[in-house]
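>
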Amino acid sequence: MSVTSEAERGRITSADRPRAGWRRNISAKIAAIPMIATTLVVFVGGTIWTVVYSFTDSKLLPRLRWVGLDQYDRLWSNSRWLVSIENLLFYGVMSLIFTVVMGFILAVLMDQKIRYEDTFRTIMLYPFALSFIVTGLVWQWILNPDFGVQGIVRSWGWESFTFDPLHSPETVLYGLLIAGLWQGTGFVMCLMLAGLRGIDEDIWKAARVDGIPTWKTYVVVIIPMMRAVFVTTLVIVASGIIRLYDLVVAMTSGGPGGNASQVPAMYVYDYMFQAQNLGQGFAASTMMLLSVLIVLIPWAYLEFGGKKHG
Amino acid sequence: MKLTRLTAVLCASVAMPAMATELEVTHWWTSGGEAAAVAELAKAFDASGDKWVDGAIAGGGGTARPIMISRITGGDPMGATQFNHGQQALELVEAGLMLDLTDVAEANNWKEIVFPPSLLDACTVDGRIYCAPVNIHSPEWLWLSNKVYEDIGIPVPTNWDEFVASAPQVREAGKIPLALGDQPWQSNLAFGAMQIAVAGLDAWKAVNVDKNMDVAAGPEYAKVFAAAASARELAKGSNVQDWNQATNLVITDQAAGQIMGDWAQGEFQVAQEVAGTDYTCLPGLGLNEYISTGGDAFYFPKVDDPEKEAAQKRLAALLVTPEVQVAFNLKKGSLPIRGDVDLAAANDCMKKGLEILAGGNIVPSGDMVWSADVQKQAEDLMVEFWKSDMAPEEAHTKWVEILKSGL
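Line by line, the protein sequences are chains Y and U.
Under numbering that gives the first Met the number 0, the first sequence is numbered contiguously, ending at residue 309.
Under numbering that gives the first Met the number 0, the second sequence is numbered contiguously, ending at residue 406.
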């Protein structure tokens, strides 16, 4: 993802510049050729290949026997896929709101010129250095009723204490959310902190001279000025949510109660490899690509197309 | 999974530079009993002058098969690999990626000795033989805890109907009537076992072998779904994940019974329980004593090296020999693929299985008659059905649709 956007950024800014012949920066261009080739062949080529084969009845091995939209018909009438979408929507909306709000509040607290800021920042960012698999396994143990939070509180004497989100279909998504937030909030905080540091000190002084309360300065002045940071954060968080897979595998493997925490990426994997039905898996992954594009295109438009206005 | 892939790659790199008669063998047998059984195969192969390089992949067939398949299709074939015989490797065979074993089969007379013959049929594509079957596993068993019934004061059920009738008393005693783990394939297995037991052999064959969709939508199968719906009620309260945890509920007398394959007896054995006195096994759920003959087979991906190919053929021949069959299957708890070997050391439940096998009361396994795609869809449906309040009629309709997609 970041590779493509870097490449795009490069292409667009060089196009904006006054033309000075293709010889300009020739060594840089040569150096970029391997990366551009990789992008075109691996990312774009692989994507097109997948989309093309999603219209075939490929089973274990890819083959070009066209079946039109059959794979998509089957996909959208499959109840497991529909449940996966619902779960992802719920998880996505909750995760987006909470990471951004909590990340911003933490960044604001961090921006109060506190002592040991570096230490706090490191602590907050540490979970992001862990993979989702590790995060998932750690939280599976923390939330385990016998060994985790519930067990500890009970051992303190509160015998009736119950906290077991992962074993009930109604609460399992909240359990995933806790782990997801723990992992992702620190990263959002760092992005926000960078945005806050980019705000000119004079604006704060002006606000103070005018006697505007601090919280109001944040809401009406600072946040609108940080639009670009917010948009970037939303895109990074949202595209991370769409490919949510390893956290679920590590924490619940899609259960309990069968489908309570299924997500689209699990459907893709299961049908491509376990059911040996590449066509169906490709159709599902094409739908995931589509949803990533829905998030990405408005962002690219805001970032690059909107420059003239902003 | 990354780790297992890494292990596989490491094993491969170890195997490469060494002598040509080293064969890397991939499989997903990683539990205690399974590993002991594989060690028997390795021992026999090493003793014959070649070298067995073990490539175990942890995480069960669902995790292991994609790794194996991508290694074969990706041009990094292993010497030999386990699959369940049936359609799992069919496309690989059709694509010409598997070694033809017909000459080995003919030289060793497999057609005569492999019993039941359906096992060899499952290895045959267009008249050529592509795999060496090693064992038979059947999933249609009901395992019961004798102590639960002694405590209540009623005789141990002898079939599924009695088991269902006794369930309210089991509940009253504060026990779970039917233990069922959360892994998706377990729901599917329970349903598969009920298919043969409740619908009967004729209906089963009409649907699964002759693919008669009218029978699939008919009253016999409506009964199966009704039975599954009642079993769903019995399974409420067993909050465990893995199959062996569910078996453990029966072993520790917290649950009265479990529908599970014959591999469950390994767990009873480890817990030092005795068949007949501590636990009871009912093949075919006690209703129709038929078992399906699924199991494991070894496939040999094509390699360029003629020496390696010769070693592959030696291994294929070795797997079917009586000595290897006895040593392997006693450790594994599975049934041998030839009727002429002596399993005197087998326990009661294994002997029951052998009798059914000898009597010819066998049907092909799901892996043989349906594609992986149909099986996965059915599994998804069964998970949804067993874990929700879906009406049996609705599940029945959906199930028939799934079968039709595989015609």
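Idealized CB from N, CA, C, for every residue including glycine.
Can you find a CB in chain Y that lies within less than 8 Å of the CB of residue 375/U?
yes
> Is any beta-carbon of chain U found at less than 8 Å from that of residue 5/Y?
Note that residue 5/Y scores a pLDDT of 49, beneath 50, so its modelled location is shaky and nothing firm can be said.
> From the DSSP output, which residues share a beta bridge with residue 252/Y?
DSSP output for residue 252/Y lists no bridge partner at all.
> Using a beta-carbon distance below 8 Å, is residue 407/U in contact with chain Y?
Missing from the structure shown is residue 407/U; chain U here goes from 0 to 406 and no further.
> Run down chain U in chain order and give the residues with a C-beta less than 9 Å from the C-beta of residue 86/Y.
Per Cβ cutoff of 9 Å: no residues; residue 86/Y is ~14 Å from chain U at best.
> Chain U partners of residue 274/Y, CB-CB under 8 Å?
371, 372, 374, 375, 376
> Measure from the C-beta of residue 11/Y to each C-beta in chain U and report whether the shortest distance is under 8 Å.
Any reading at residue 11/Y is ruled out, since the residue's pLDDT is 49, under 50, leaving its predicted position unreliable.
> Kindly indicate which three-state DSSP category residue 288/U falls into: helix, strand or coil?
coil
> What is the DSSP secondary structure of residue 142/Y, counted as helix, strand or coil?
coil
> Who are the Cβ neighbours of residue 168/U in its own chain at under 8 Å, not counting the five residues just before and after it?
151, 153
> Return the CA-CA distance between residue 198/Y and residue 61/Y, expressed in angstroms with no decimal places.
53 Å
> Taking DSSP as the reference, what is the three-state secondary structure of residue 318/U?
helix
> Specify whether the stretch 112-128 of chain U and the stretch 360-379 of chain U touch according to this definition: at least 3 beta carbon pairs, one from each stretch, less than 8 Å apart.
yes
> Determine the direct distance from the alpha carbon of residue 123/Y to that of residue 102/Y, and round the result to whole angstroms.
Between residue 102/Y and residue 123/Y, the C-alpha separation is close to 10 Å.
> Quick check on DSSP: helix, strand or coil for residue 139/U?
Note: residue 139/U maps to coil in three-state DSSP.
> Starting from residue 255/Y, find everything on chain U with Cβ-Cβ shorter than 9 Å and list it in chain order.
181, 238, 240, 386
> Against chain Y, does residue 138/U count as a neighbour if the rule is that its beta carbon must be under 8 Å from one of theirs?
no
> So residue 413/U and residue 255/U are supposed to be a Cβ contact under 8 Å. How far apart are they, rounded?
Here chain U has residues from 0 to 406 only, and residue 413/U is not among them.
> Which whole runs of the alpha helix (DSSP H) in the stretch 152-224 of chain Y are 4 residues long or more, in chain order?
171-196, 200-208
> Output yes or no for whether 8 Å exceeds the beta carbon distance between residue 407/U and residue 189/U.
No statement about residue 407/U is possible, as the shown extent of chain U runs from 0 to 406 and does not include it.
> What residues from chain U crowd round residue 78/Y, counting only those whose CB sits closer than 9 Å?
In chain order: 379, 380, 383, 397.
> So which residues on chain Y does residue 90/U lean against when the C-beta distance must stay under 9 Å?
58, 59, 60, 275
> Determine the DSSP secondary structure at residue 300/Y, reduced to helix, strand or coil.
helix
> Return the first residue and the last residue of the beta strand (DSSP E) that residue 398/U is part of.
No beta strand (DSSP E) holds residue 398/U; the alpha helix (DSSP H) holding it covers 391-404.
> I'd like to check one pair, residue 168/Y with residue 223/Y: are the Cβ atoms closer than 8 Å?
no
> Just the Cα atoms here: how many angstroms apart are residue 194/U and residue 163/U?
Straight-line Cα distance between these residues: approximately 16 Å.
> Below 8 Å on the Cβ atoms is my contact criterion, and I expect residue 287/U with residue 200/U to pass it. Report the Cβ-Cβ distance as a whole number of Å.
6 Å
> Within the same chain, show all residues whose beta-carbon is closer than 8 Å to that of residue 151/Y, passing over the 5 residues directly before and after it, in chain order.
none
> Could you list the residues in the stretch 18-31 of chain Y with a C-beta less than 8 Å from some C-beta on chain U, going in chain order?
none
> Counting only beta-carbon separations shorter than 8 Å, does residue 313/Y have a partner in chain U?
This structure gives no information on residue 313/Y, because the portion of chain Y shown stretches from 0 to 309.
> Buried or exposed: which applies to residue 18/U, given that a residue is buried once 16 or more other Cβ atoms fall within 10 Å of its Cβ?
Residue confidence is low: residue 18/U scores 48 on pLDDT, short of 50, so the model does not pin down where it sits. Its coordinate-derived value is still stated next. Per the 10 Å Cβ criterion, exposed.
> Kindly say whether residue 195/U, judged by its beta-carbon, lies nearer than 8 Å to any beta-carbon of chain Y.
no
> Does any residue of chain B have a CB that is nearer than 8 Å to the CB of residue 269/Y?
Checking the listed chains, one finds no chain B in this structure; the protein chains it contains are Y and U.
> In chain Y, which residues lie less than 7 Å from residue 72/U when you measure between Cβ atoms?
60
> State buried or exposed for residue 304/U, treating a residue as buried only when at least 16 other CB atoms are found within 10 Å of its CB.
exposed
> If you compare alpha carbons, which of 175/U, 284/U, 206/U is closest to residue 160/U?
The residue among 175/U, 284/U, 206/U with its C-alpha nearest the C-alpha of residue 160/U is 284/U.
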